[in-house]
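> Numbering (this note's numbering), first residue to last: 209 to 369.
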């Protein structure tokens, strides 16, 4: 078989890492998109449902379904918005914060596994190469004015919720 292209190998590596994360998240009874919601809430604090859907790059109805599942398991809580009593803010519960610690541990374990046998110098060189590749692509006019956050939202898959 002909050697895979560099782009194909990077894509495969991404899928392998996602699969490994999915298997670990199954033990927490979470799908990757749900873990992403918890991650955003951990990083950003409480958010409105609309802002959270926008951050995830999914439709509000899809967010409603995901939030109902997370709320039923005690990971999140809906609180009335102090400034607008008609809307709610979503925040992590203590159980959600504990779960986030496990999610962070999963990410750390995958990184350790991924970089096993690679020297610190090779890691620094690889990071430099990856940043340079990212810069090469983002500087193309087809990329436009998009930032990485917007690109990640546009490429996220709703079916993971």
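Beta carbons: idealized from backbone N, C-alpha and C, even for Gly. This structure is a prediction, so every number in the text was calculated from the model and none was measured.
Which residue's Cα is closest to the Cα of residue 302: 278, 314, 233, 315?
Selected option, being the one with the closest Cα: 278.
> Give me the residue from 250, 221, 222 with the minimum Cα distance to residue 312.
Ranking 250, 221, 222 by Cα distance to residue 312 puts 250 first.
> What does the Cβ neighbour count give for residue 220, buried or exposed, with the cut at 16 atoms within 10 Å?
Exposed: under 16 other Cβ atoms inside 10 Å.
> Residue range of the beta strand (DSSP E) that residue 300 falls in?
Start and end: 296–300.
> Per DSSP, what kind of secondary structure is residue 233 in: helix, strand or coil?
In the structure shown, residue 233 sits in a helix (DSSP, three-state: H, G or I).
> Rounded to the nearest angstrom, how far is the Cβ of residue 248 from that of residue 263, given a contact under 8 Å?
With a Cβ gap of about 5 Å, residue 248 and residue 263 count as contacting.
> Of the residues 216, 260, 255, which one's Cα is nearest the Cα of residue 290?
Among 216, 260, 255, the Cα nearest to that of residue 290 is on 255.
> With a threshold of 8 Å, are at least 3 pairs of Cβ atoms found where one atom belongs to the region 317–330 and the other to the region 267–282?
Flag = no, the region 317–330 and the region 267–282 do not touch.
> Kindly indicate which three-state DSSP category residue 211 falls into: helix, strand or coil?
Looking at residue 211 - three-state DSSP - the assignment turns out to be coil, as it is neither helix nor strand.
> Take residue 295 as the anchor and find which of 351, 347, 257 has the nearest alpha-carbon.
The option with the nearest alpha carbon to residue 295 is 257.
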